[in-house]
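Since the structure comes first, as structure tokens, the remarks are kept for the end.
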Amino acid sequence: MDSRRRTPEVPEGDIDLPTGEGVELFHPIEERSELIDIYLKEISHIPLLSPDEESELARKVSQGDEEARKRLILSNLRLVISIAKKYVNRGLPLMDLIEEGNLGLIKAVERFDYRRGTRFSTYASWWIRQAITRAIASQGRTIRLPVHILDLLGRLVDVSRKLAQELGRQPSIGEIAEKMGLSEERIEELFNFAHRPASLQDKIEGFDDTRVEDVIEDKRESSFEELERKFKREEIMKLLEKLSERERETIILRYGLRDGVPLTLEEAGRRFGVTRERVRQIEMEAIEKLKRWVKENELA
695 MDSRRRTPEV
705 PEGDIDLPTG
715 EGVELFHPIE
725 ERSELIDIYL
735 KEISHIPLLS
745 PDEESELARK
755 VSQGDEEARK
765 RLILSNLRLV
775 ISIAKKYVNR
785 GLPLMDLIEE
795 GNLGLIKAVE
805 RFDYRRGTRF
815 STYASWWIRQ
825 AITRAIASQG
835 RTIRLPVHIL
845 DLLGRLVDVS
855 RKLAQELGRQ
865 PSIGEIAEKM
875 GLSEERIEEL
885 FNFAHRPASL
895 QDKIEGFDDT
905 RVEDVIEDKR
915 ESSFEELERK
925 FKREEIMKLL
935 EKLSERERET
945 IILRYGLRDG
955 VPLTLEEAGR
965 RFGVTRERVR
975 QIEMEAIEKL
985 KRWVKENELA
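To convert, note that position 196 of the sequence shown is 890 in my numbering; the numbers rise steadily by one, no gaps.
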């Protein structure tokens, strides 16, 4: 990756952005620490958006309004930083993570459907995380994998967790292979990508507190995103009311439904005073309940 990183260019006062093909998000500065300080200071002047403002800007974006598109991007740059900070010390400098996250933010703006009733920040968080984790996996100094392998690894994460929950133990290679419709040899190849048979809970050499699962796109998140695509925000919140208080709060914190800033498993665990694995279990159980209730309503 080029050592001359670029960072979003942000106006000091009113949002008066340059015209042209795309948003002028980047300008080169050599000193990274100075660059980050300048960047943080610049974007601190940009006001956050209310839900109504988000919806109105998104509506204008759908009509081809370039100024609305730029404002929606710039108003969510702080969200990118809050997510990017959670991935430091995983092979890429913070500014690289921010740049990759910004690309995910731009993609979210292009794909967001305001008519669904979902907060843009909630929707964008998924795209930002996906962009960052893929960058870590494909460009980091430890794991270099093509995108199609990353997609398979994402499925492997999902299937392994579901089987572990169903079986009450870690699934075997054969059980995972049967569930994924792949050969046992193929599953072993996926597990061997870190040069040894690896559990998804194993730490990656050279990265403190970084597990294999932390740099793989997590397909669980798309399960909740699927609910957000199908239902309006108020409908989702009503569904959440059917969960236990712990399950409901876990989903709210993990997906940033309250403030638009999702917490990592580690952060949510500290909030509840439990392990990251316990948070994961609560989250999985809650999502499965939500999906089951949705299916029951569709059949009713």
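Quick reminder that beta carbons are idealized off the backbone N, C-alpha and C, glycines included.
These numbers come from a predicted model, not from an experiment.
- Proximity of the stretch 854-861 to the stretch 869-877 meets the contact definition, three or more beta-carbon pairs being nearer than 8 Å.
- Counting C-beta pairs with one atom in each stretch, the stretch 940-950 and the stretch 808-819 have three or more that are closer than 8 Å, which means they touch.
- Inclusion of alanine 762 and leucine 751 in the CB contact set at 8 Å is warranted, their separation being smaller than that value.
- Annotation for proline 745: the continuous alpha helix (DSSP H) segment containing it runs 745-756.
- A direct Cα-to-Cα measurement between arginine 863 and glycine 963 gives close to 22 Å.
- Asparagine 783 is classed as exposed because its beta carbon has fewer than 16 other beta carbons within 10 Å across all chains shown.
- Burial check for aspartate 731: the Cβ neighbour count within 10 Å stays below 16, so the residue is exposed.
- Per DSSP, reduced to three states, the secondary structure at leucine 984 is helical.
- Spatial neighbours of alanine 829 in its own chain (CB-CB distance under 8 Å, excluding positions within 5 residues in sequence) are listed in chain order as Leu786, Asp790, Leu791, Glu794.
- If you check the CB distance, isoleucine 826 and tyrosine 781 come in under 8 Å.
- Counted as a single uninterrupted DSSP element, the alpha helix (DSSP H) harbouring asparagine 796 occupies residues 788-805.
- Judged by beta-carbon spacing, leucine 766 lies within the 8 Å limit of valine 755, meaning their Cβ atoms are closer than that value.
- Boundaries for glycine 811: no alpha helix (DSSP H) harbours it, and the DSSP string shows neither H nor E there.
- When DSSP states are grouped into helix, strand and coil, lysine 936 belongs to the coil group.
- Rounded to whole angstroms, leucine 861 and histidine 739 show a C-alpha spacing of 51 Å.
- For lysine 780, no alpha helix (DSSP H) segment is defined, and its DSSP state is neither H nor E.
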